[in-house]
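What follows is one structure encoded as structure tokens, with my remarks underneath.
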Amino acid sequence: MTAPAAVSETKKSTWIWKASRLLASAPASALFGLVIIALYLLAVIFGPLVAPYGEAEVVSKIPFSPWSREFLLGTDQLGRDTFSRLLFGARNTLGISLVTVCLSFGVGGVLGMFAAIRGGWADKLLLSLTDALMAIPPLIFALIVLSIAGSSIPSLIVAIAAVDITRIFRLTRSLSVNVLATDFVEVARLRGEGLSWIMSREVLPNVLPLLVAEFGLRFCFVFLSISALAFLGLGIQPPTADWGSMVRDSAVLISYADFTPLIPAAAIGLLTVAVNLVVDWILHVTSGLREAD
Numbered sequence: 052m053t054a055p056a057a058v059s060e061t062k063k064s065t066w067i068w069k070a071s072r073l074l075a076s077a078p079a080s081a082l083f084g085l086v087i088i089a090l091y092l093l094a095v096i097f098g099p100l101v102a103p104y105g106e107a108e109v110v111s112k113i114p115f116s117p118w119s120r121e122f123l124l125g126t127d128q129l130g131r132d133t134f135s136r137l138l139f140g141a142r143n144t145l146g147i148s149l150v151t152v153c154l155s156f157g158v159g160g161v162l163g164m165f166a167a168i169r170g171g172w173a174d175k176l177l178l179s180l181t182d183a184l185m186a187i188p189p190l191i192f193a194l195i196v197l198s199i200a201g202s203s204i205p206s207l208i209v210a211i212a213a214v215d216i217t218r219i220f221r222l223t224r225s226l227s228v229n230v231l232a233t234d235f236v237e238v239a240r241l242r243g244e245g246l247s248w249i250m251s252r253e254v255l256p257n258v259l260p261l262l263v264a265e266f267g268l269r270f271c272f273v274f275l276s277i278s279a280l281a282f283l284g285l286g287i288q289p290p291t292a293d294w295g296s297m298v299r300d301s302a303v304l305i306s307y308a309d310f311t312p313l314i315p316a317a318a319i320g321l322l323t324v325a326v327n328l329v330v331d332w333i334l335h336v337t338s339g340l341r342e343a344d
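Numbering-wise (the numbering used here), the sequence shown opens with residue 52 and increments by one.
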């Protein structure tokens, strides 16, 4: 084994050892959250492969068929298998939420660091634009955009990401301003380092832990917003499966003491709780705090 390969292998084993040690010291609540998130990821990746029926396949002539061996969770108002749509809905709802959060963090994070480092008129202009957007309630802004552009998936992603970008921008800018006041950034500027170097080498590594925690929180907000819009009929459109629309379509069953609508609602709530538990643990680890003996 050559020297560079040996160094790379050593770094890899060290990273694995640190990760395993960190997981071993994690509280039960964080482990529970990680297990739930892992199960959801498995549903996203393999759910459509193990679903007994197609996403929009009508398999029963009777609407709202009861639970049975053939239909594990019954059927919806059109005779489509609820269990299959629940699995397909995991990929649709979580996938769109993840793309939206990644877009908002990519744009908002870069603009926030740029505004903090550049300062001057660029900082003031971006702050004014974000203040104007933040004055509009997020759900109302999303409803306006979707009413104008239509309820397509790209429009849904842009509508929610545009609102989230303002929050990420303000947070990243605030964190970056604190980092820019440190001595090592001043040394980098005196060395003649450019904007991109300071942004990627000095600012980003120091704000990344808090941004990772914020990523989890914003994912929950986006996830709930997409489900709420789907429940109102302005989110993911049929026949595409979505947990929010599944709650709306089967809500009438509550009057007959059928708890089928609670299953997609519980799926939404459980993931939100799990992500928050993991985020709390990440914040605790990155803050340097330790549990009292």
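Backbone N, C-alpha and C fix where the C-beta goes; we use that ideal spot for every residue, glycine too.
Helix, strand or coil, according to DSSP, for V109 in the structure here?
In the three-state reduction of the DSSP assignment, V109 falls in the strand class.
Touch test, the stretch 280-290 against the stretch 193-212, Cβ-Cβ under 8 Å, three pairs minimum:
The stretch 280-290 is in contact with the stretch 193-212.
Classify R142 as helix, strand or coil using the three-state DSSP reduction.
Taken through DSSP and simplified to helix, strand or coil, R142 comes out as helix.
With DSSP as the reference, label T233 as helix, strand or coil.
Three-state result, T233: coil.
To the nearest angstrom, how far is the alpha carbon of R341 from that of W332?
With a pLDDT of 48 at R341, under the threshold of 50, the predicted position of this residue should be treated as unreliable, though the coordinate-derived value follows. For R341 and W332, the distance between alpha carbons rounds to 11 Å.
Using 8 Å as the threshold, is the C-beta distance between I147 and I204 below it?
In this structure, I204 lies closer than 8 Å to I147 by Cβ.
Identify whether R341 lies in helix, strand or coil by the three-state DSSP scheme.
In this prediction, R341 scores a pLDDT of 48, lower than 50, which makes its location untrustworthy; the coordinate-derived value is nonetheless stated afterwards. R341 falls in the coil class under three-state DSSP.
What residue from W294, A292, P315, L268 has the CA that sits closest to V326's CA?
V326 has its Cα closest to that of L268, out of W294, A292, P315, L268.
With burial defined as no fewer than 16 other Cβ atoms inside 10 Å of the residue's Cβ, what is the status of V303: buried or exposed?
It counts as exposed.
Nearest to A308 by CA position, among F272, L261, S206, F115, is which residue?
Checking every option, the nearest Cα to that of A308 belongs to F115.
Could you tell me the distance, in whole angstroms, from the CA atom of P117 to the CA atom of T311?
The straight-line gap separating the alpha-carbon atoms of P117 and T311 is approximately 9 Å.
I'd like the span of the alpha helix (DSSP H) that includes L124, first residue to last.
If you look at L124, you'll find it isn't in any alpha helix (DSSP H); DSSP assigns it neither H nor E.
Measure from the alpha carbon of V388 to the alpha carbon of each residue in V238, L73, S76, V209, then state which is nearest.
Only positions 52 to 344 of the chain appear in this structure, which leaves residue 388 out of reach.
Neighbourhood of V263 by C-beta distance below 7 Å, restricted to the same chain and skipping five residues each side:
Beyond the five residues adjoining it in sequence on each side, V263 comes within less than 7 Å, by CB distance, of I333 in the same chain, given in chain order.
Could you tell me whether the Cβ atoms of F274 and T217 are closer together than 8 Å?
Not closer than 8 Å, so no.
Can you tell me the Cα-Cα spacing of L100 and D127, whole angstroms?
Distance between the alpha carbons of L100 and D127 is about 21 Å.
Taking three-plus beta-carbon pairs below 8 Å as touching, is the stretch 250-260 in contact with the stretch 289-306?
Not touching, per the Cβ criterion.
Shortest alpha-carbon distance to E265 belongs to which of F97, R142, L137, G159?
Considering only alpha carbons, the answer is G159.
State the CB to CB distance for the pair A292 and N143, rounded to an integer number of angstroms; the pair is presumed to be in contact (CB under 8 Å).
Rounded, the Cβ-Cβ distance is 6 Å, consistent with contact.
By how many angstroms is the C-alpha of S71 removed from the C-alpha of M52?
Its pLDDT being 48, under 50, M52 is placed unreliably by the model, and nothing is read from it.
Can you look up D174 in the DSSP assignment and give me helix, strand or coil?
Here D174 carries a helix assignment [DSSP, helix/strand/coil].
Here's a check: name, in chain order, each residue in its chain whose Cβ is nearer than 6 Å to the Cβ of R136, leaving out the five neighbours to either side.
Excluding sequence neighbours, R136 sits near A292.
Along the chain, where does the alpha helix (DSSP H) that runs through S296 open and close?
Note, S296: alpha helix (DSSP H), 294-300.
Whether L285 touches S202 by CB criterion (8 Å)
Between L285 and S202, the C-beta spacing is below 8 Å.
To the nearest angstrom, how far is the alpha carbon of L90 from that of F83?
Distance between the alpha carbons of L90 and F83: 11 Å.
Buried or exposed, going by whether 16 or more other CB atoms sit within 10 Å of the CB of G171?
With fewer than 16 other Cβ atoms from the protein chains shown falling within 10 Å of its own Cβ, G171 counts as exposed.
Following the continuous alpha helix (DSSP H) through S80, name the residue where it begins and the one where it ends.
In this chain, the alpha helix (DSSP H) harbouring S80 covers 79-101.
What residues in its chain sit with their C-beta under 8 Å from that of G130, if we drop five residues either side in the sequence?
If you ignore the 5 residues before and after G130, its C-beta comes within less than 8 Å of the C-beta of V109, V110, S111, K112, I113, P114, S116, all in its own chain and listed in chain order.
Close beta carbons around F139, own chain, < 7 Å, minus the five adjacent residues each side:
Answer for F139: G98, P99, A102, E106, A292, listed in chain order.
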